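As they're listed, the protein sequences go chains P and L. If you count by the UniProt record's numbering, then the first sequence holds residues 1 to 191, one letter each, in order. If you count by the UniProt record's numbering, then the second sequence holds residues 1 to 191, one letter each, in order. Note sheet for the following structure.
Protein chains: 2
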Amino acid sequence: MGRTQTFDTAEAVRSARAVFWKHGYEAASVPALEAATGLRRSSIYHAFGSKRGLFDAAVDSYLDEIVRPRLAPLAEPAPGAILDYLRGLREALERAGSFIAANGCLLINAAGAAIADDEAVRETITAYRAELGRAIGNGIRAHRPDLDDAETDRLTATCTALVVAAYALARVDTVSAVHSLDTALDLVRRP
Amino acid sequence: MGRTQTFDTAEAVRSARAVFWKHGYEAASVPALEAATGLRRSSIYHAFGSKRGLFDAAVDSYLDEIVRPRLAPLAEPAPGAILDYLRGLREALERAGSFIAANGCLLINAAGAAIADDEAVRETITAYRAELGRAIGNGIRAHRPDLDDAETDRLTATCTALVVAAYALARVDTVSAVHSLDTALDLVRRP
DNA sequence: CCAGTTTTGGAATAACCGTTCCACAAACAT
DNA sequence: ATGTTTGTGGAACGGTTATTCCAAAACTGG
Numbered sequence: 001m002g003r004t005q006t007f008d009t010a011e012a013v014r015s016a017r018a019v020f021w022k023h024g025y026e027a028a029s030v031p032a033l034e035a036a037t038g039l040r041r042s043s044i045y046h047a048f049g050s051k052r053g054l055f056d057a058a059v060d061s062y063l064d065e066i067v068r069p070r071l072a073p074l075a076e077p078a079p080g081a082i083l084d085y086l087r088g089l090r091e092a093l094e095r096a097g098s099f100i101a102a103n104g105c106l107l108i109n110a111a112g113a114a115i116a117d118d119e120a121v122r123e124t125i126t127a128y129r130a131e132l133g134r135a136i137g138n139g140i141r142a143h144r145p146d147l148d149d150a151e152t153d154r155l156t157a158t159c160t161a162l163v164v165a166a167y168a169l170a171r172v173d174t175v176s177a178v179h180s181l182d183t184a185l186d187l188v189r190r191p
Numbered sequence: 001m002g003r004t005q006t007f008d009t010a011e012a013v014r015s016a017r018a019v020f021w022k023h024g025y026e027a028a029s030v031p032a033l034e035a036a037t038g039l040r041r042s043s044i045y046h047a048f049g050s051k052r053g054l055f056d057a058a059v060d061s062y063l064d065e066i067v068r069p070r071l072a073p074l075a076e077p078a079p080g081a082i083l084d085y086l087r088g089l090r091e092a093l094e095r096a097g098s099f100i101a102a103n104g105c106l107l108i109n110a111a112g113a114a115i116a117d118d119e120a121v122r123e124t125i126t127a128y129r130a131e132l133g134r135a136i137g138n139g140i141r142a143h144r145p146d147l148d149d150a151e152t153d154r155l156t157a158t159c160t161a162l163v164v165a166a167y168a169l170a171r172v173d174t175v176s177a178v179h180s181l182d183t184a185l186d187l188v189r190r191p
């Protein structure tokens with residue numbers, strides 16, 4: 001073996017994730033990542049290979065620690081889960097201090113940025129959207145077993161798009177973002 | 001007076017607009033803007049003051065020449081206008097070579113980028129979303145006079161969000177983007 | 001305790017960023 | 001034709017970018 005790493009990798013990635021989330025990939029400078037993580041350049045490059053490597057780790061961390069915990073309850077056939085999900089997101093978007101209100105979604109932000117020119121990033125975002133859609137579909141099926149397949153699919157597509165739209169505008173227009181989720185809640189509850 | 005300008009301002013802005021649209025504000029370098037417009041730095045800075053000044057001109061041009069012509073037909077009480085709008089957007093998103101398919105919406109891309117930290121840009125995007133929502137509302141009222149106010153508002157909000165979501169994912173996931181518009185068409189046509 | 005291995009601190013790199021400046025070219029007013 | 005004003009070409013600016021390199025530090029297996 002050799003010298004042992006003095007920092008906690010997951011914690012460093014979490015700090016870097018906040019920077020990427022707030023500023024986007026291109027505007028997140030290495031000095032800013034150093035400051036946030038408390039690491040020196042050499043440690044970052046040694047551990048992650050490149051700024052891009054750290055970003056990839058941040059995205060994985062984002063999916064595992066932020067996205068999936070939020071979607072997890074939808075996997076179970078609980079009728080109220082979809083409402084809880086939408087209400088939770090709405091509350092997060094409305095709470096002024098919250099990270100998600102100030103910065104939206106790391107991956108949906110990336111979808112409109114230069115980093116999305118990268119094929120691997122595009123695939124990650126596409127897979128994320130698919131995962132979001134499946135989770136919402138599960139939630140809707142559990143809440144509205146009365147709907148037929150076509151109606152379920154339509155409501156799922158609508159609801160997922162409403163969530164995507166809320167994320168896309170979160171940083172810029174809180175009112176629209178929250179309104180988007182209210183509409184989703186309305187549609188899901190509708191007789 | 002003095003020496004006359006040798007280039008067409010509107011044409012230069014159009015060229016710059018394409019660069020900002022494709023790469024986003026921060027990733028659009030001044031050399032790239034020089035190459036696209038055919039101007040030298042000095043002419044750009046003389047005419048627009050800064051990279052940011054050129055961006056603002058590009059945004060105005062985007063609204064006047066791209067967004068508003070597309071929304072204009074919705075201002076008149078034509079029942080088919082909303083369907084034409086959604087179908088036109090769908091077609092543009094699906095056509096592989098189209099600029100909008102490759103780059104989405106200049107302003108919605110900006111909403112998730114670092115430039116959105118600027119208050120003036122946020123206001124522009126908020127106003128744009130409002131304009132989009134009003135236009136879609138007009139189109140829906142004309143197409144579905146049977147709906148009451150609450151139903152009209154809900155359908156408008158849903159439809160606008162579906163368009164925003166389509167734009168947000170256009171660069172990354174054409175399938176989802178087109179599906180989002182199909183869902184909008186479906187909802188608008190629904191009995 | 002020493003040899004081997006890995007991490008860390010810090011300086012150095014070259015390329016690029018947006019912006020400024022100045023001399024020269026070109027047009028209009030007189 | 002001359003003086004004045006404005007646009008253009010091109011070099012130069014300081015600052016920042018991501019990345020690399022190397023020597024010193026710290027740990028482990030023998």
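Here a beta-carbon is modelled for each residue, glycine too, at the ideal position from N, C-alpha and C. Being a predicted model, the structure only gives us computed values, none of them experimental.
What does His-23 of chain P touch in chain L if you count any residue whose Cβ is under 8 Å from its own?
-> Against chain L, a Cβ distance below 8 Å from His-23 of chain P picks out Ala-114.
Confirm, please, whether the CB-CB distance from Arg-122 of chain P to Ser-61 of chain P is below 8 Å.
-> Between Ser-61 of chain P and Arg-122 of chain P, the CB-CB gap reaches or exceeds 8 Å.
Inter-residue Cα distance where the pair is His-179 of chain P and Gly-133 of chain P = 20 Å
N- and C-terminal bounds of the alpha helix (DSSP H) containing Gly-133 of chain L | 119-143
Going by Cα to Cα distance, which pick from P:Val-59, P:Glu-91, P:Pro-73 is closest to Ala-177 of chain P?
-> P:Glu-91
Which residues, taken in chain order from the segment 172-183 of chain L, show a beta carbon closer than 9 Å to some beta carbon of chain P?
-> Val-172, Asp-173, Val-175, Ser-176, His-179, Ser-180, Asp-182, Thr-183
Look up Cys-105 of chain L in the DSSP assignment and say whether it is helix, strand or coil.
-> coil
Below 8 Å between beta carbons: does that hold for Val-59 of chain L and Leu-106 of chain L?
-> yes
Straight-line Cα distance separating Thr-6 of chain L from Arg-17 of chain P | 47 Å
Just tell me which of P:Ala-116, P:Asn-103, P:Tyr-128 has its CA closest to the CA of Ala-116 of chain L.
-> For Ala-116 of chain L, the nearest C-alpha among the options comes from P:Asn-103.
Shorter than 8 Å from the beta carbon of Glu-151 of chain L to some beta carbon of chain P?
-> no
Supposed close pair Ile-136 of chain L, Val-163 of chain L - CB separation, criterion 8 Å | Indeed, because the Cβ distance is near 7 Å, the residues count as touching under 8 Å.
Straight-line CA distance for His-46 of chain L to Cys-159 of chain L?
-> C-alpha separation (whole angstroms): 43 Å.
Could you confirm whether any beta carbon from chain L is found closer than 8 Å to the beta carbon of Ala-165 of chain P?
-> Yes, contact with chain L.
Show which residues of chain L have a CB atom less than 9 Å away from the CB atom of Arg-122 of chain P.
-> Ordered by position in chain L, the residues that pass the 9 Å Cβ test against Arg-122 of chain P are Arg-171, Val-172, Asp-173.
Where does the unbroken alpha helix (DSSP H) through Arg-14 of chain L begin, and where does it stop?
-> 9-23
At a CB-CB cut-off below 9 Å, which residues of chain P make contact with Glu-26 of chain L?
-> Gly-24, Glu-26, Ala-27, Ala-113, Ala-114
For His-143 of chain P and Arg-144 of chain L, the rounded distance between their alpha carbons | 29 Å
Which residues in the same chain as Glu-76 of chain P place their Cβ atom closer than 7 Å to its Cβ, once the five residues preceding and following it in sequence are excluded?
-> none
Residue-chain proximity (Asp-186 of chain L, chain P), Cβ-Cβ < 8 Å | Interface criterion met: the Cβ of Asp-186 of chain L is under 8 Å from a Cβ in chain P.
Do you know how far the Cα of Tyr-167 of chain L is from the Cα of Leu-169 of chain P?
-> 11 Å
In terms of residues, what are the limits of the alpha helix (DSSP H) holding Val-178 of chain P?
-> Taken as a continuous stretch (DSSP letters only), the alpha helix (DSSP H) holding Val-178 of chain P covers 174-189.
Taking C-beta pairs closer than 9 Å, name the residues in chain P that Leu-162 of chain L reaches, listed in chain order.
-> Ala-157, Thr-158, Ala-161, Leu-162, Ala-165
By Cβ distance below 7 Å, which residues in the same chain neighbour Ala-12 of chain L in space, the five residues on each side in sequence not counted?
-> So the list reads Thr-37, Leu-39, once near-sequence residues are dropped.
Answer yes or no: does any C-beta atom of chain P fall closer than 8 Å to that of Thr-126 of chain L?
-> yes
Taking 8 Å as the CB-CB cut-off, is Asn-138 of chain P touching chain L?
-> Output row for Asn-138 of chain P: interface = no.
Whole-angstrom distance between Gly-53 of chain P and Val-30 of chain P, CA atom to CA atom = Taking the straight line from one Cα to the other gives about 12 Å.
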